[in-house]
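Visitor:
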Amino acid sequence: MSQPLVTILDDEPEIRRILTDSLEEAGFRTQSFSRAREFEASLKRVTPDVCLVDLSLPDTDGLALVHRLALEQGAAVIIISGRAQVQDRVTGLELGADDYITKPFDPAEVVARIRARLRGPRTGVQTSEVAEFNGWTAQFDRYVLIDAEGAETPFSHAEGEVLRLFLESPKRLISRSRMQEMLGSGAGDSFDRAMDVRISRLRTKLGEDPKNPRLIKTIYGAGYIFLGDVKWR
Numbered sequence: 017m018s019q020p021l022v023t024i025l026d027d028e029p030e031i032r033r034i035l036t037d038s039l040e041e042a043g044f045r046t047q048s049f050s051r052a053r054e055f056e057a058s059l060k061r062v063t064p065d066v067c068l069v070d071l072s073l074p075d076t077d078g079l080a081l082v083h084r085l086a087l088e089q090g091a092a093v094i095i096i097s098g099r100a101q102v103q104d105r106v107t108g109l110e111l112g113a114d115d116y117i118t119k120p121f122d123p124a125e126v127v128a129r130i131r132a133r134l135r136g137p138r139t140g141v142q143t144s145e146v147a148e149f150n151g152w153t154a155q156f157d158r159y160v161l162i163d164a165e166g167a168e169t170p171f172s173h174a175e176g177e178v179l180r181l182f183l184e185s186p187k188r189l190i191s192r193s194r195m196q197e198m199l200g201s202g203a204g205d206s207f208d209r210a211m212d213v214r215i216s217r218l219r220t221k222l223g224e225d226p227k228n229p230r231l232i233k234t235i236y237g238a239g240y241i242f243l244g245d246v247k248w249r
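Shown next, in the form of structure tokens:
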């Protein structure tokens with residue numbers, strides 16, 4: 017099996033050097049870029065396993081780039097930024113980032129966060145990339161939901177992690193602490209709000225009534241239960 021590929025987008029040469037050295041020492045392959053246009057051009061040739069993206073870029077809006085990556089790429093997206101405010105973290109996670117690391121950082125923490133993203137929420141039971149439930153088909157290799165009429169709706173990598181977690185544990189209570197354990201990311205209000213946003217978006221894409229959802233039920237004070245009948249293939 018080939019080593020996971022991590023791409024680094026940061027306009028600071030020293031940051032790129034530290035990340036490259038630490039990741040390659042930990043067994044990852046790396047590519048690093050100082051400009052978004054070079055980074056995006058590389059994505060047309062190869063899909064990395066993880067993208068590390070700084071928000072303060074000289075040639076594009078970092079948050080807009082993160083949002084595009086979350087919707088269009090099959091890679092996990094981790095923001096690495098000097099913006100340490102809670103609202104910055106929340107905004108990044110709401111736009112589809114899988115994790116948010118603030119500068120200055122410990123390279124060992126970055127490596128650990130990447131490994132957590134690559135482990136993902138998989139339980140080890142399912143190996144399929146297609147799940148069918150209640151008239152819907154989720155294709156995780158293409159990051160799309162397909163309804164009974166064949167219409168496709170894309171979902172982000174972060175939304176897909178939550179959806180897979182539900183589909184792999186149907187009709188079982190999934191607590192907030194369990195979600196945090198399986199999905200990684202930081203604790204606290206920013207994680208809770210990001211989960212709320214991702215679940216809300218999944219409900220919208222599944223045509224759920226927000227006041228009375230049929231598939232993703234909130235158990236107040238406890239967590240969530242996915243009530244669909246799931247078949248993997």
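Each position in the sequence shown, counted from 1, maps to that position plus 16 in the numbering used here. The C-beta atom is built at its ideal place from N, Cα and C for all residues, glycine as well. This one's a predicted model, so the numbers in the text were calculated from it and none came from an experiment.
Nearest CA to the CA of His173: which residue from Asp65, Trp152, Lys233, Lys60?
Guide: Considering only alpha carbons, the answer is Asp65.
Visitor: Considering Ser38, what are the terminal residues of the beta strand (DSSP E) in which it resides?
Guide: Segment 29-41 is the alpha helix (DSSP H) holding Ser38; no beta strand (DSSP E) there.
Visitor: Ordered along the chain, which non-local residues of its own chain (more than five positions away) have a Cβ less than 6 Å from that of Thr118?
Guide: Contacts found: Ala100.
Visitor: Using a threshold of 8 Å, state whether the C-beta atoms of Leu39 and Val127 are closer than that.
Guide: Their beta carbons are under 8 Å apart, which means Leu39 touches Val127 by this criterion.
Visitor: At which residues does the alpha helix (DSSP H) containing Val53 begin and terminate?
Guide: In the sequence on display, residue 53 carries Arg and not Val. 52-59 is the span of the alpha helix (DSSP H), which, as asked, contains Arg53.
Visitor: Compare the C-alpha of Arg84 against each of Ala113, Thr234, Ser144 and name the closest.
Guide: Nearest option by C-alpha distance: Ala113.
Visitor: Hey, how far is the Cα of Ile215 from the Cα of Gly176?
Guide: Approximately 10 Å between the Cα atoms of the pair.
Visitor: Assign Tyr273 to buried or exposed, taking buried as 16 or more other Cβ atoms, counted over all protein chains shown, within 10 Å of its Cβ.
Guide: This structure cannot speak to residue 273, because the chain is shown only from 17 to 249.
Visitor: With a Cβ-Cβ cutoff of 8 Å, do Tyr116 and Arg105 count as a contact?
Guide: Yes.
Visitor: So for Ala164, helix, strand or coil by DSSP?
Guide: If DSSP states are grouped into helix, strand and coil, Ala164 belongs with coil.
Visitor: Nearest-angstrom Cα distance between Lys233 and Gln89?
Guide: Roughly 29 Å between the two C-alpha positions.
Visitor: Comparing C-alpha positions only, which one of Arg217, Leu222, Ser48 sits nearest to Leu109?
Guide: Nearest of Arg217, Leu222, Ser48 to Leu109, Cα basis: Arg217.
Visitor: Cα separation between Leu231 and Glu145?
Guide: Roughly 20 Å separates the two Cα atoms.
Visitor: Is any non-hydrogen atom of the ligand SAM found closer than 7 Å to the C-beta of Val146, if you look at the structure I gave you?
Guide: What this structure holds is no ligand at all, so the ligand SAM is not there to describe.
Visitor: If you draw a straight line from the C-alpha of Ala238 to the C-alpha of Lys221, how long is it?
Guide: Each residue's alpha carbon lies about 24 Å from the other.
Visitor: Classify Ala147: buried if its beta carbon has 16 or more other beta carbons within 10 angstroms, exposed otherwise.
Guide: It counts as buried.
Visitor: Roughly how many angstroms separate the alpha carbons of Leu111 and Glu41, rounded to a whole number?
Guide: The alpha-carbon atoms of Leu111 and Glu41 are separated by roughly 31 Å.
Visitor: Tell me whether Val189 is buried or exposed, calling it buried when 16 or more other Cβ atoms sit within 10 Å of its Cβ.
Guide: Inspection of the sequence shows that residue 189 is occupied by Leu rather than by Val. So Leu189 ends up on the exposed side.
Visitor: Taking Leu35 as the reference, which of Asp70, Phe182, Pro74 has the closest Cα?
Guide: Comparing Cα positions, the closest option is Asp70.
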